[in-house]
Amino acid sequence: MPDGVPVEYPVQVEWEGGMRWRGGPANGPALLVDGERQAAPSPVDALVVSIASCSAIDVVDYLEKRRTPPSSASVSVRFSRAAEHPRRLTDLHLAYRVATDSPREHVERAVQLSFDKYCSVAASLAPDIRFGWEIEVSPAAGE
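Numbering (this note's numbering), first residue to last: 9 to 151.
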């Protein structure tokens, strides 16, 4: 496909009753979303999980390319929403915990690059949403 030409990605969502929906790429794996947060995360929870996992994928990929892959990694997120409908996201704070032999500066660089350049989920959101983060680095397991 030529550069600059948008690529379309088909996704199908099917109602499963109540506020539950299952969806994913056509003929691919699906996830469950529940507006009542009983059987699955809500759509907003799923969006926040998507932001955190998108960024975490970038961070792990960056560290692997530096030949200092993490032995474990996790991201906890606190977020705020507007009081009035559509109650959109207003603030997100991500706490990264990464066990790696990479220097802290490399982990910080990986997170910064994720939000500045690579995380397509975060980049797709309104530009006025505030993102903040903190990083905890520990030695890789097995040392």
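A virtual CB, placed ideally from N, CA and C, is assigned to each residue, including glycine.
Source: prediction; values computed, not measured.
Where does V41 land, buried or exposed, given buried means 16+ other C-beta within 10 angstroms? Position 33 of the sequence shown, counted from the start, is the residue given in the question as residue 41. Its Cβ being crowded by 16 or more others within 10 Å, V41 is buried.
Figure out for me which residue from R74, V129, W29 has the closest Cα to the Cα of A47. One-based indexing of the sequence shown puts residue 47 at position 39. Nearest of R74, V129, W29 to A47, Cα basis: W29.
Nearest CA to the CA of S128: which residue from G26, H114, L97, S61? One-based indexing of the sequence shown puts residue 128 at position 120. Considering only alpha carbons, the answer is S61.
With respect to the alpha helix (DSSP H) encompassing E116, which residues constitute its N-terminal and C-terminal limits? The residue given as residue 116 occupies position 108 in the sequence shown. It spans 112-121 - the alpha helix (DSSP H) in which E116 sits, taken as one unbroken run.
Near R74, which residues of its chain fall below 7 Å by C-beta distance, leaving aside the five closest residues on each side in sequence? Reading the sequence shown from its first residue, position 66 is the one you call residue 74. For R74, where only same-chain residues beyond five positions count, the Cβ hits under 7 Å are S110, H114.
R86 beta carbon less than 9 Å from that of E144: Reading the sequence shown from its first residue, position 136 is the one you call residue 144. Reading the sequence shown from its first residue, position 78 is the one you call residue 86. Contact: no.
If you draw a straight line from the alpha carbon of P51 to that of S58, how long is it in whole angstroms? In the sequence shown, counting from the first residue as 1, residue 51 sits at position 43. In the sequence shown, counting from the first residue as 1, residue 58 sits at position 50. So the alpha carbons of these two residues sit roughly 10 Å apart.
Hey, how far is the Cα of V67 from the Cα of P94? Stepping through the sequence shown from its first residue, residue 67 is reached at position 59. Stepping through the sequence shown from its first residue, residue 94 is reached at position 86. The straight-line gap from Cα to Cα measures roughly 31 Å.
Indicate the three-state DSSP secondary structure (helix, strand or coil) for Y216 in the structure shown. Since the first residue of the chain shown is 9 and the last is 151, residue 216 is not available in this structure.
Can you tell me which of A54, P37, A90, P33 puts its alpha carbon nearest to the alpha carbon of D136? To locate residue 136, count along the sequence shown from 1; it is residue 128. It is A90 whose Cα lies nearest to the Cα of D136.
At which residues does the alpha helix (DSSP H) containing S128 begin and terminate? Here residue 128 refers to the residue found at position 120 when the sequence shown is read from its first residue. Unbroken alpha helix (DSSP H) run through S128: 128-131.
Terminal residues of the continuous beta strand (DSSP E) containing D11? On the sequence shown, residue 11 is found 3 positions in, with the first residue counted as 1. Taken as a continuous stretch (DSSP letters only), D11 belongs to no beta strand (DSSP E), as it is neither H nor E.
What residues are listed by DSSP as bridge partners for G140? Position 132 of the sequence shown, counting from 1, holds the residue named residue 140. For G140, which the question treats as bridged, DSSP gives the partners H101.
Report yes if the C-beta distance between R152 and D99 is below 9 Å; otherwise report no. There is simply no residue 152 to check, as the chain begins at 9 and stops at 151 in what is shown.
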